[in-house]
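K.L.:
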Amino acid sequence: MAGIMALVNQKYGRQGQANFTLYPLAQQQPAAFHDITLGSNSVPCFQGTTDCVQNASGHYATTVYSAGPGYDLASGLGSVDANVLVNNWNSITFKPTTTSLQLSSTSITHGMPITVSTSVAASSGTGTPTGGVAILTDSPLPSNQSQTVLNLSAGTTSSIINYFPGGYYNVSAKYDGDGVFGSSTSPPVALKVSPENSTVTLSLSIGGKTIAAGGSVEYNYPFPLTLSIQPVGVSSITGKPNGVTTGTATFTIDAVSATVPLNASGEAIWTPPALSIGTHTASATYSGDASFNASSATPVTFNVTKGFPSMNVSFDAPLPPPGPSLNIDADGSLTVTIVVGPNNGPFFGNFVPVGTAAPTGAVTACLQPPNAADACLNPTYSLTAPLASSSGINSLSSTATVTFSNLAAGFYLPTFVYSGDGNWQKQGLVFLRDINVAPITPLATTTTTLSITAASISNGQFATISTTVTSSGTPSGAAPTGAVDFYDNGVFLVYILLPLGKTGSTFSATFSLPASGFWSSGSNQITAIYDGDSNYAPSTSSVATISLTQRVGDFALAPQLPEITFAPGSSGTVGLHLAALNNFSAAVTLSCTTSSTNVTCGVSPSSINLSGTATAMSTINSSTTAAATAVRSPARSQLAWLGSVSGVLLACVLMVGSANRKRHRFRILASFSLPAVMCLTAGCGGGGQMVQPPPPPPVGTAYSVVVTGTANGIVHNVKITVIVR
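Following my numbering, the numbering of the sequence shown begins with 19 at its first residue and continues without gaps.
#1: Which of the three DSSP states is assigned to residue 705 in this structure?
#2: Please confirm if the stretch 517 to 532 is in contact with the stretch 445 to 461, defined as three or more CB-CB distances below 8 angstroms between the two stretches.
#3: Per the DSSP calculation, residue 633 is bridged to which residue(s)?
#4: Please identify the residue among 581, 538, 542 and 512 whose C-alpha is closest to the C-alpha of residue 548.
#5: Specify the secondary structure class of residue 169 as computed by DSSP and reduced to three states.
#6: For the stretch 266 to 279 and the stretch 199 to 212, state whether three or more C-beta atom pairs, one from each stretch, are separated by less than 8 angstroms.
#7: What does a CB cutoff of less than 6 angstroms around residue 262 pick up in its chain, not counting 5 residues either side in sequence?
#8: For residue 29, does the three-state DSSP call read helix, strand or coil?
#9: Helix or strand or just coil, what does DSSP make of residue 22?
#10: List, from N- to C-terminal side, the beta strand (DSSP E) runs of 3 residues or more that fit wholly inside the stretch 497 to 552.
#11: Return the chain-ordered list of same chain residues with a C-beta closer than 6 angstroms to the C-beta of residue 538, the five sequence neighbours on each side being excluded.
#12: Contact between the stretch 311 to 325 and the stretch 478 to 494 is defined here as three or more beta-carbon pairs at a separation below 8 angstroms; is this criterion met?
#13: What is the rounded straight-line gap between the Cα of residue 484 and the Cα of residue 551?
#14: Considering only C-alpha positions, which residue in the set 612, 622, 625 and 631 is nearest to residue 641?
#15: Which of the three DSSP states, helix, strand or coil, is assigned to residue 103?
#16: Is residue 279 helix, strand or coil when you go by DSSP?
#17: What separation, rounded to the nearest whole angstrom, lies between the Cα atoms of residue 435 and residue 279?
#18: Going by beta-carbon coordinates alone, are residue 464 and residue 557 separated by less than 8 angstroms?
#19: Here's the rule: buried if 16 or more other CB atoms are within 10 angstroms of the residue's CB, otherwise exposed. What is residue 62?
#20: According to DSSP, simplified to helix, strand and coil, what is residue 95?
#21: In angstroms with no decimal places, state the Cα-to-Cα distance between residue 750 and residue 425.
#22: For residue 215 and residue 618, I'd like the C-alpha separation in whole angstroms.
#23: Could you have a look at residue 220 and say whether DSSP puts it in helix, strand or coil?
#24: Rounded to whole angstroms, how far is the Cβ of residue 247 from the Cβ of residue 218, which I believe are closer than 8 angstroms?
#25: Per DSSP, residue 352 is paired with what?
#26: Sorted by chain position, which residues of the same chain lie with C-beta nearer than 8 angstroms to residue 331's C-beta, five sequence neighbours on each side aside?
#27: Quick check on the burial criterion: 16 or more other C-beta atoms within 10 angstroms. Buried or exposed for residue 416?
#28: Out of 92, 112 and 554, which has the shortest C-alpha to C-alpha gap to residue 461?
#29: I need the boundaries of the beta strand (DSSP E) containing residue 433, first residue and last residue.
#30: Using a threshold of 8 angstroms, state whether the C-beta atoms of residue 102 and residue 44 are closer than that.
#31: Just checking, does the stretch 628 to 639 make contact with the stretch 593 to 608 on the three C-beta pairs under 8 angstroms criterion?
#32: Pick from 151, 126, 114 and 160: whose alpha carbon is nearest that of residue 140?
#33: Run through the DSSP bridge pairs and tell me what residue 735 is partnered with.
#34: Mind checking residue 385: buried by the 16 CB within 10 Å criterion, or exposed?
#35: Quick check on the burial criterion: 16 or more other C-beta atoms within 10 angstroms. Buried or exposed for residue 662?
#36: Measure the C-alpha to C-alpha separation of residue 336 and residue 322 and round it to an integer number of angstroms.
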């Protein structure tokens with residue numbers, strides 16, 4: 019069908035939504051479609067799956083839609099005769115129609131129900147139009163333009179609507195036509211909707227769990243704490259929204275505040291910075307918009323308790339295949355690197371709140387008898403080392419390295435205890451793999467070499483890592499097999515597998531890693547350890563050093579107002595909220611562009627050194643021609659009818675007086691008396707006032723401003739809608 023529509027576009031130009039022509043064409047030019055009346059869209063299926071039943075022949079098949087005369091859901095209008103369809107595309111005609119619209123009130127408060135009535139009739143001839151009528155507004159905001167669709171019954175329809183958006187605009191009814199009748203639009207009806215009061219409830223949640231007043235939140239829980247509100251009008255039923263709220267929400271925790279725009283669902287969500295251990299109070303206010311007045315939520319008090327850190331261990335030793343033990347030669351040594359950090363962040367592929375602190379303190383590493391009841395309980399060996407902070411993408415994690423030397427033969431269970439600090443709880447870890455210290459049967463020796471080029475890389479660049487494992491002999495004729503593990507500052511980095519079935523005494527491999535693939539910024543000490551196999555002994559390379567500059571974290575950019583309205587020739591400002599993510603620290607360059615030369619914009623400051631949160635300001639100016647000026651008829655006085663009626667009324671009075679003096683003119687008086695009474699009735703009926711319809715609302719024009727933030731190769735864009743009227 020896409021190819022046929024391409025032919026239509028080629029012959030007649032762009033068409034837009036083709037359905038408005040395809041269905042009438044099927045009625046007026048039936049030869050364009052060949053009706054399919056037999057078969058269905060049923061296909062074989064497995065017993066027990068959705069819509070799968072056994073048919074009369076004993077086979078299992080789906081039974082959803084069957085073909086039949088005319089339009090059906092299995093074959094639609096039928097197969098297409100492309101020649102007839104394309105050549106007759108512009109031949110269809112429609113009977114003209116007239117659409118009318120009535121509103122039961124033209125000035126309401128948001129949420130107040132009004133009756134919308136519309137009718138569609140043939141402008142000439144007979145017949146009754148069918149189909150739907152769209153109720154539209156001429157609001158410059160796309161989200162406020164389409165309200166609902168009412169289905170005609172005998173040419174008329176009506177409905178009660180309580181969600182017309184706030185503002186002053188025209189409402190119209192647009193009939194799109196059917197297979198016989200053409201489209202038409204009603205004359206506009208001006209509607210003024212004043213904002214209603216709103217209510218707002220502040221919700222605190224963490225990982226989908228709501229935090230009640232007086233509840234507790236762990237420091238840097240794996241799912242960050244979020245604050246949210248969704249304002250609703252006081253007229254809504256049981257708290258359900260009666261229109262989408264727009265505007266902004268200002269969240270405050272203690273002395274920290276942030277202004278956040280409401281999203282397309284009318285909800286505002288904020289992730290606060292990392293909070294100190296103790297009691298905190300959160301509050302939120304809603305700015306209001308054209309439909310809803312501003313409101314405030316009841317504050318919520320809650321507690322932040324110490325967080326549970328994550329612990330990971332790297333054994334800087336040859337690793338055997340997955341099995342019960344790590345083998346160490348008698349009187350040998352074992353180096354262990356412990357990583358302590360949050361349970362989220364770059365190490366886990368997500369982010370942490372601004373200001374999250376890396377763990378400090380110390381780690382105690384223990385080797386204790388198997389089946390120990392707790393970490394470092396009656397250990398045989400115990401070493402304690404202070405945690406050192408990292409830099410770069412893993413700056414939220416801290417490491418400590420210990421080396422056990424001259425180990426006596428036996429089985430040991432490695433366990434670890436983190437001391438905790440002001441933000442992080444004390445934590446223990448039992449590593450479920452025994453350390454088996456015993457004499458190792460001598461095998462053919464190996465040598466492992468390592469090299470890295472280039473010596474220094476930064477964001478977007480790659481380093482090439484090359485390693486070679488060479489054996490001193492080939493007792494079985496086979497080349498070394500197994501794995502080579504790579505460590506970065508003692509932390510396991512990556513491994514490669516040596517291929518099976520090779521002969522010779524040497525194996526070499528080369529691979530690349532980006533700057534972000536290494537452990538930290540600055541100097542990285544890389545070591546390669548060959549794990550050995552049944553023929554060859556393990557070996558460790560010399561240290562290779564590479565210097566890295568990593569791009570750390572990311573940043574968020576959001577406007578404090580999603581839209582702004584002002585008059586032609588005026589200006590407005592919108593705040594811009596910036597927040598660093600995952601210890602981001604860099605200069606963010608800000609700029610803006612507009613959708614039209616009728617508006618200009620600027621951002622101040624144009625560059626911000628961002629390491630936490632910051633605010634910038636975008637100023638938007640409009641020219642005097644940025645919006646068309648609506649021309650209105652001057653409002654007439656409610657007594658203006660007297661001017662047009664008084665002359666006739668005076669004539670009637672004079673004629674009555676003349677008749678009193680000259681009775682022979684009674685016939686003339688009688689012939690004029692009826693018009694006189696009609697004059698009086700027209701002038702005095704209904705209390706003597708004429709109700710004027712409201713004037714049309716001012717014409718507005720919508721523009722867009724895009725603000726761009728750039729730092730370290732990261733680009734974020736946000737859009738601000740500008741309405742000039």
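C-beta: ideal position from N, C-alpha, C; glycine also.
P.N.:
Quick look at the numbers:
#1: Reliability of the predicted coordinates at residue 705 is poor, the pLDDT of 40 falling under 50, and the value obtained from them is presented with this limitation in mind. Looking at residue 705 - three-state DSSP - the assignment turns out to be helix.
#2: Contact fails: fewer than three Cβ-Cβ distances are below 8 angstroms.
#3: Note: residue 633 sits in a beta bridge opposite 595.
#4: Nearest C-alpha to residue 548 among 581, 538, 542 and 512: 512.
#5: Shown here, residue 169 sits in a strand according to DSSP, grouped into three states.
#6: Contact between the stretch 266 to 279 and the stretch 199 to 212 is absent, because fewer than three Cβ pairs lie under 8 angstroms.
#7: Taken in chain order, the residues that qualify are 284.
#8: Residue 29: helix per DSSP, three-state reduction.
#9: Residue state, collapsed to three classes: helix.
#10: The beta strand (DSSP E) runs of length 3 or more contained entirely in the stretch 497 to 552 are, from start to end of the chain, 500 to 506, 509 to 516, 524 to 532 and 540 to 548.
#11: In the same chain as residue 538, and ignoring 5 residues on each side of it, the C-beta atoms closer than 6 angstroms to its own belong to 408, 409, 410 and 412, in chain order.
#12: Touching, no.
#13: Using only the alpha carbons, I get a separation of about 21 angstroms.
#14: The shortest C-alpha to C-alpha distance from residue 641 to any of 612, 622, 625 and 631 is the one to 612.
#15: Three-state result, residue 103: helix.
#16: In the three-state reduction of the DSSP assignment, residue 279 falls in the strand class, which pools E and B.
#17: Approximately 44 angstroms, taken between the alpha carbons.
#18: In this structure, the beta-carbon distance from residue 464 to residue 557 falls below 8 angstroms.
#19: Answer is exposed; the Cβ neighbour count stays below 16.
#20: It is coil, neither helix nor strand.
#21: For the chain, the structure presents residues 19 to 743; residue 750 sits outside this window and is missing.
#22: Spanning the two alpha carbons is a distance of roughly 35 angstroms.
#23: Collapsing the DSSP output to three states places residue 220 in coil.
#24: About 5 angstroms; that satisfies the 8 angstroms criterion.
#25: According to DSSP, residue 352 bridges with 422.
#26: Cβ-Cβ distances below 8 angstroms link residue 331 to 354, 355, 356, 357, 432, 434, 447 and 449 in the same chain, with the five nearest sequence neighbours on each side left out; the list follows chain order.
#27: Answer is buried; the Cβ neighbour count reaches 16.
#28: For the set 92, 112 and 554, the Cα lying nearest the Cα of residue 461 is the one of 554.
#29: The continuous beta strand (DSSP E) containing residue 433 extends over residues 428 to 436.
#30: For residue 102 and residue 44, no; Cβs fall outside 8 angstroms.
#31: Verdict: yes, contact present.
#32: For residue 140, the closest of 151, 126, 114 and 160 by C-alpha to C-alpha distance is 114.
#33: According to DSSP, which records beta bridges pairwise, residue 735 is partnered with 726.
#34: Residue 385 is classed as buried because its beta carbon has at least 16 other beta carbons within 10 Å across all chains shown.
#35: Model confidence at residue 662 stands at a pLDDT of 40, short of 50, so the residue's coordinates are unreliable and nothing is read from them.
#36: Each residue's alpha carbon lies about 42 angstroms from the other.
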